Amino acid sequence: MTDVQPANKRRDDKVVIIGAGHNGLVCAAYLARAGREVVVLEAAAQPGGAAVTREFAPGFRVSACAHLLYLLDAQVSRDLALESHGLKMARSNLRTVALAADGGHIVHAGGKVESGPVSPADRAALADYHARLQRFARVMGKQHNRRPPRIGGGDRSDLLGAALLGLDIRLLGRDDMREFLRIAGINVYDVLEETFESPLLKGTLALDAVLGTNLGPRSNNSVLTLLHRMSGTAGGDYGAVALPAGGMGTVTAALAAAAQKSGATLRCSSPVARITLEGDRVSGVQLESGETIAAGTVVSNADPARTLLQLLGARHLETGFAERVRHIRSRGTAAKLHLALDGLPEFTGLDGALLGERLVIAPDPVYVEHAFDHSKYGTASPEPVLEIVMPSVHDRSFSPQGKHVLSAIVQYAPHDAGAGADARRGEFLERILGVLGKYSPGLRRQIVATELLLPADIEREFRITGGHWHHGELALDRFLMLRPVPGAAQYAMPLDGLYLCGAGCHPGGGVMGSAGGNAARAVLAAGSTA
Amino acid sequence: MKPEMNHKLHFRTAVYQTPFHPRTSALNVLNEWHRWKDYTTADAYFDETLEYAAIRNACAVFDLTPMTKHRITGPDALAFLNRLVTRDVAKIKPGRVGYCVWCDDNGQVIDDGTIFHLRPGDYRLCSQERQLDWLARSARGFDVSIVEDTHDVAALAFQGPTTCAVLKKMGLAGVEKLTPFGIGFFPFAGGELMVSRTGFTGDLGYELWIEPGRALALWDALFAAGADHGIRPMGTHALEVSRIEAGFVQAGVDFLPADAAVRIDRTRSPFELDLGRLVDFTKPVFTGRRALLEEQRRGSRYRLVKLDVEGNKLARSSYIYDRARNVVGTVTSAVWSPAAKTNIALASLKMPWGRPGDELWAEIYYQRELQWAKVMARCRVIEGAFFDPPRRRATPPADF
Ligand SMILES: Cc1cc2nc3c(=O)[nH]c(=O)nc-3n(C[C@H](O)[C@H](O)[C@H](O)COP(=O)(O)OP(=O)(O)OC[C@H]3O[C@@H](n4cnc5c(N)ncnc54)[C@H](O)[C@@H]3O)c2cc1C
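Sequences listed follow chains D and B, in order.
Using my numbering, the first residue of the first sequence is number 19, and each one after it goes up by one.
Using my numbering, the first residue of the second sequence is number 9, and each one after it goes up by one.
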């Protein structure tokens with residue numbers, strides 16, 4: 019029997035960060051600012067992960083994965099002075115246009131209906147609903163920068179964290195608290211049914227809840243994912259969305275600049291093959307090129323399953339923990355459609371001035387649920403749901419003069435790769451264009467180039483297991499102290515020197531940076547106890 | 009890796025008979041049987057006291073076939089086993105056997121068993137409980153094959169001072185050279201007989217492993233050779249007495265397998281079972297390691313002790329009290345030890361109790377003609393085994 023080493027004993031100041039997704043960059047920036055030697059190793063040729071702007075057809079650029087900004091952590095923006103590094107919004111507080119095939123669109127923003135066939139009762143209900151969800155989302159937002167409490171550990175800061183969460187919920191007041199506890203675990207369909215009349219309004223609101231998830235509106239947990247989506251203010255207010263000038267790449271370029279200015283080294287085109295070990299702790303990484311880099315601390319921005327089962331390997335983890343990681347649900351359902359258009363498209367009955375807003379195709383909640391049904395069995399929705407933006411309307415940097423770019427998140431996409439993937443992509447594209455054609459009959463003729471990224475493509479290009487938006491389903495059993503898996507919720511993995519910092523951790527996915535910041539604090543706290 | 013359970017039609021049989029059944033059933037004059045891992049197994053054959061006496065004074069044969077067995081092979085067999093169990097399996101050389109325990113992530117014992125390193129890279133793992141599920145889960149990420157082959161290997165425990173002489177007489181040339189925990193292979197009836205110097209009795213003894221088709225030939229050869237050496241069949245009752253005398257723990261009796269526990273304080277770590285010697289922290293990873301390191305730092309909750317209980321009443325399941333009459337633990341196994349000529353018990357006590365010299369009392373309830381009575385019996389903590397004869401280790405064993 020050997021003598022016992024205290025956990026997390028710091029032996030080496032150097033930190034290697036695997037992945038320059040936005041969370042990896044945030045983590046790098048904080049660690050470098052704190053004086054640590056930081057090297058960020060990114061597999062892709064450019065930093066940013068799933069938050070990048072890139073060309074998809076000659077002369078046409080687009081936010082290749084994430085396209086709307088709403089969760090970006092205000093503290094991160096402030097601490098890292100992202101504005102001084104070039105971050106700026108092209109538009110905040112975008113309106114949502116719920117498209118109707120007959121032209122009876124509903125336009126709303128911030129809980130207020132601006133136009134469309136909506137009854138007075140629904141208008142009042144929307145104002146109430148929105149205000150209440152904002153109050154709940156605020157409670158969620160307050161948890162973003164907190165280390166999720168660990169249960170049963172008896173650690174004082176854990177108890178404090180748990181108490182604060184309880185207090186935040188209490189401070190909602192009796193009625194809100196009851197309502198929060200009532201709906202937090204249930205499905206958005208039921209909530210919408212008891213609140214609204216208009217199918218179109220309900221359909222659009224349902225879409226917000228299920229974007230990026232493997233849930234339909236009738237799946238429980240879909241209120242939680244809705245609240246998560248609304249829990250930031252980067253779009254202008256809780257629940258609002260914004261388009262960054264220059265696309266998502268501007269956010270991560272600003273983060274990369276902030277990290278590098280603080281002294282972090284960024285190496286792109288440097289895929290990590292594995293995490294190396296010395297005895298019972300990490301010793302660094304080995305790149306696919308064979309090069310090894312020694313470091314006492316390795317922080318991974320790659321998703322938890324990839325980090326722990328591929329880069330590290332289950333054999334270096336204890337059985338129960340490895341099994342929990344294996345059970346992370348990471349079946350991505352969101353596809354990304356990019357269309358290069360030779361002019362501004364027309365949507366039946368839609369004022370051209372609204373083309374720069376957020377356009378949604380989700381005519382009613384049952385339509386959304388039907389679209390989801392197919393994904394349960396691994397096939398594509400015959401009639402998918404879409405969230406569309408046209409960044410070129412606000413920002414000329416996306417396309418040649420007079421031409422435009424349409425960027426859409428499409429659900430629910432087939433998630434299997436393998437044989438026949440190209441045929442399935444072609445088939446799904448046809449279905450999407452068929453749906454779009456119902457709202458914009460002339461659109462198809464304006465298309466000069468197309469890119470459709472299915473979850474398997476996203477998995478390949480962005481190295482995200484399953485192509486999953488959150489690096490693993492965000493659900494009550496994978497939330498707060500249970501995220502990514504019970505027993506590893508505080509960024510430090512059960513292997514000394516190894517940390518996670520990406521969307522798979524608390525508080526989850528979306529371009530927010532909170533996980534990166536929290537992970538940096540965990541690394542620094544461990545270092546200071548050495 | 010692909011774990012396999014042979015005989016997928018097992019559900020057609022309510023209870024198995026071992027390949028020795030034609031012989032064991034003929035000898036079981038008491039006709040006392042119970043079910044052990046779905047096999048019918050003799051409690052006792054003719055007289056459990058005399059069967060026990062054969063273990064300690066001559067030789068006794070126990071049908072071990074129902075013991076759950078796994079064959080573990082493949083390039084990562086050693087790496088897999090080392091991540092599974094708490095001890096360093098690299099130290100179990102080919103031709104050797106090692107006792108081991110394995111834990112869950114909380115460092116709580118799931119089961120104990122023996123690893124037989126049959127030939128380089130080729131292992132047999134015997135377990136008390138069914139383990140295929142846990143083994144399969146533990147095997148992910150390893151290039152290893154795990155086959156549960158309980159039905160494909162017939163086994164006998166052959167225990168007692170005259171065993172070596174009998175095996176020699178049976179023609180197993182060189183069997184006397186086997187040291188404790190050694191394995192030997194011998195030609196037998198046109199096939200191969202594997203002999204390991206292992207057992208559950210704390211005495212000189214062997215375990216014999218053979219393919220089922222040769223099981224009866226083995227039984228007959230053994231009884232023929234043992235006729236002049238006092239050979240007897242023994243059932244589980246006699247084995248149980250010798251097991252407690254040897255101080256061996258049993259899953260489900262002295263500890264609750266961690267995967268069967270609902271309440272978190274009901275399980276035990278290796279340290280809490282007095283098996284700390286099986287925990288090797290120099291290995292960089294094994295399941296339970298982090299929790300066990302933490303336990304070392306914080307201290308254990310329980311201690312397993314051997315007790316010498318005054319008087320002639322069995323302290324079965326008794327509460328153990330300290331001097332101030334606080335309950336400090338319970339007895340897990342208790343028996344009258346014919347070898348030590350005293351009442352003995354294994355007990356799980358809350359820390360810090362169980363130090364040598366602690367004043368402890370067992371609360372014993374017993375019946376006299378359907379009327380209950382109670383006695384408080386003084387207990388003494390014993391260090392070392394209750395019974396540990398030199399012949400257990402002597403190589404070559406003396407001839408009787
Ligand atoms: C289709 C789709 C649309 C989305 N739309 C939005 C949206 O509109 N708004 C929003 O806020 N969120 C959106 N999201 C979610 C958001 O994009 C992600 O949650 C977020 O980008 C995750 O950031 P991250 O930094 O944690 O990880 P990632 O961005 O995934 O970054 C991880 C990085 O690690 C790198 N990496 C992985 N393995 C290795 C390795 N072995 N070696 C080196 N580097 C490696 C990857 O290349 C990648 O750069 C969307 C997601 C999808 C899939």
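The C-beta atom is built at its ideal place from N, Cα and C for all residues, glycine as well.
The structure displayed is predicted, hence computed values, not measured ones.
- Across the structure, A85/B and P217/D are spaced so that their CA atoms are roughly 60 Å apart.
- Not one heavy atom of ligand 1 sits closer than 7 Å to the Cβ of G265/D.
- Under a criterion of Cβ atoms nearer than 8 Å, the residues of chain D adjacent to T295/B are, in order, E336, T337 and G338.
- Taken through DSSP and simplified to helix, strand or coil, D120/B comes out as strand.
- Among the residues of chain B, those whose CB is under 7 Å from the CB of G331/D are G149, following chain order.
- Residues of chain B whose Cβ lies closer than 8 Å to the Cβ of G297/D are, in chain order, P292.
- When the alpha-carbon of E302/B is set against those of Y53/B, Q116/B and P83/B, the nearest one is in Q116/B.
- For D113/B, at least one C-beta of chain D is nearer than 8 Å to its own C-beta.
- Remark: the shortest separation between the CB of Y88/D and any heavy atom of ligand 1 falls under 7 Å.
- For the pair V313/B and G234/B, the CB atoms are not nearer than the 8 Å cut-off.
- Residues of chain D with a Cβ closer than 8 Å to the Cβ of A87/B are, in chain order, R333.
- Between the alpha carbons of G302/D and L518/D lies a distance of about 14 Å.
- For a Cβ distance threshold of 8 Å, residue set R148 of chain B lies close to R344/D, ordered along the chain.
- At a Cβ-Cβ threshold of 8 Å, D262/B and R95/B do not count as neighbours.
- By the neighbour-count definition (other C-beta atoms within 10 Å, threshold 16), Q379/B is an exposed residue.
- Under the three-state reduction of DSSP, F263/B is assigned to strand.
- Where I80/B is concerned, the enclosing beta strand (DSSP E) starts and stops at T76 to T81.
- At the C-beta level, A474/D and H433/D come within 8 Å of one another.
- T57/B carries a helical assignment under DSSP once its states are collapsed to helix, strand and coil.
- Beta-bridge pairing by DSSP links E200/B to P195/B.
- Closest in C-alpha terms to W110/B, from the list N334/B, E367/B, L281/B and S341/B, comes L281/B.
- For D194/D, the uninterrupted alpha helix (DSSP H) run begins and ends at R192 to I201, by DSSP.
- Contacts between P512/D and chain B, judged by CB atoms closer than 7 Å, involve R298 in chain order.
- Excluding five sequence positions before and after E137/B, the CB atoms of its chain that fall closer than 6 Å to its own CB belong to D119, A259 and P265, given in chain order.
- Per DSSP, reduced to three states, the secondary structure at N41/D is helical.
- Bounds of any alpha helix (DSSP H) do not take in R72/D; it lies within the beta strand (DSSP E) bounded by T71 to A75.
- Chain D has no Cβ within less than 8 Å of the Cβ of R388/B.
- Taking a C-beta cut-off of 7 Å against chain D, the contacting residues of the region 131–162 of chain B are R145, S146, R148, G149 and F150, listed in chain order.
- Distance from the C-beta of C83/D to the nearest heavy atom of ligand 1 is below 7 Å.
- A distance criterion of 7 Å places the beta-carbon of H40/D in contact range of ligand 1, judged by its closest non-hydrogen atom.
- Within chain D, the residues R333 have their CB atoms less than 7 Å from the CB of R91/B, given in chain order.
- Contact between A139/D and E215/D holds: CB atoms are separated by about 7 Å, below the 8 Å threshold.
- By the Cβ criterion, the region 344–353 of chain D is in contact with the region 480–490 of chain D, since at least three pairs of Cβ atoms, one from each stretch, lie closer than 8 Å.
- Annotation: Cβ neighbours of E341/D in chain B (cutoff 7 Å, chain order): R145.
- Using a Cβ distance threshold of 8 Å, A426/D and L451/D do not count as a contacting pair.
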